[in-house]
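>
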Amino acid sequence: MKPRKPAPEQPDLLADITRLSRFPQHKNRQPGQFQGTENPRALRLLRALLKQPLTRESADTITGASNGPEEVRKLREQGLELPCYRLGVHDRDGFWTHRGLYALSHRDRPQVARALPRKGGGQATQGTTGEQATTKKAEADHAEG
Numbered sequence: 001m002k003p004r005k006p007a008p009e010q011p012d013l014l015a016d017i018t019r020l021s022r023f024p025q026h027k028n029r030q031p032g033q034f035q036g037t038e039n040p041r042a043l044r045l046l047r048a049l050l051k052q053p054l055t056r057e058s059a060d061t062i063t064g065a066s067n068g069p070e071e072v073r074k075l076r077e078q079g080l081e082l083p084c085y086r087l088g089v090h091d092r093d094g095f096w097t098h099r100g101l102y103a104l105s106h107r108d109r110p111q112v113a114r115a116l117p118r119k120g121g122g123q124a125t126q127g128t129t130g131e132q133a134t135t136k137k138a139e140a141d142h143a144e145g
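The sequence shown begins at 1 in UniProt numbering and counts up one residue at a time.
1. Using DSSP bridges, identify the partner residues of residue 106.
2. Suppose the cutoff is 6 Å on Cβ atoms and the five residues either side in sequence are ignored; what does the same chain contact list for residue 62 look like?
3. So, using beta-carbon positions, are residue 115 and residue 53 closer together than 8 Å?
4. Helix, strand or coil: how does DSSP classify residue 68 here?
5. Report buried or exposed for residue 6, applying the criterion of at least 16 other Cβ atoms within 10 angstroms of its Cβ.
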């Protein structure tokens, strides 16, 4: 009987982003231990970042504020790395420019997963389409009953 081959290494989830960014990360941050947050904007942002990297515009939309980078700065002060990769894109006028893409680092991901509330989401889901649909259904059920 032949010995089993070792499993292949898992690909680095951020490898494609770091290769595409032509700007190296110059900021020397000293991240600490993230203990969580009660800020509903930050909770919405962290839940979205666990799913996928976000552009600055997406961060604005998800946080419900017009200054997503400020929420990122606050999370960095609380101990997260939250790097921003600059990727080259063409803007609507066809000019080459660079767009920021926020992503959780490998060190951030388990800390955020531990710190987020497990069920319901509380204030983190308020104002989202899922929460609005649930509220409308509950109101309809209450009106019928």
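All C-beta atoms, glycine included, are put in the ideal place defined by N, C-alpha and C.
Taking the definition as stated:
1. Looking at the DSSP assignment, residue 106 forms no beta bridge with any residue, so it has no partner.
2. 44, 45 and 48
3. no
4. helix
5. exposed
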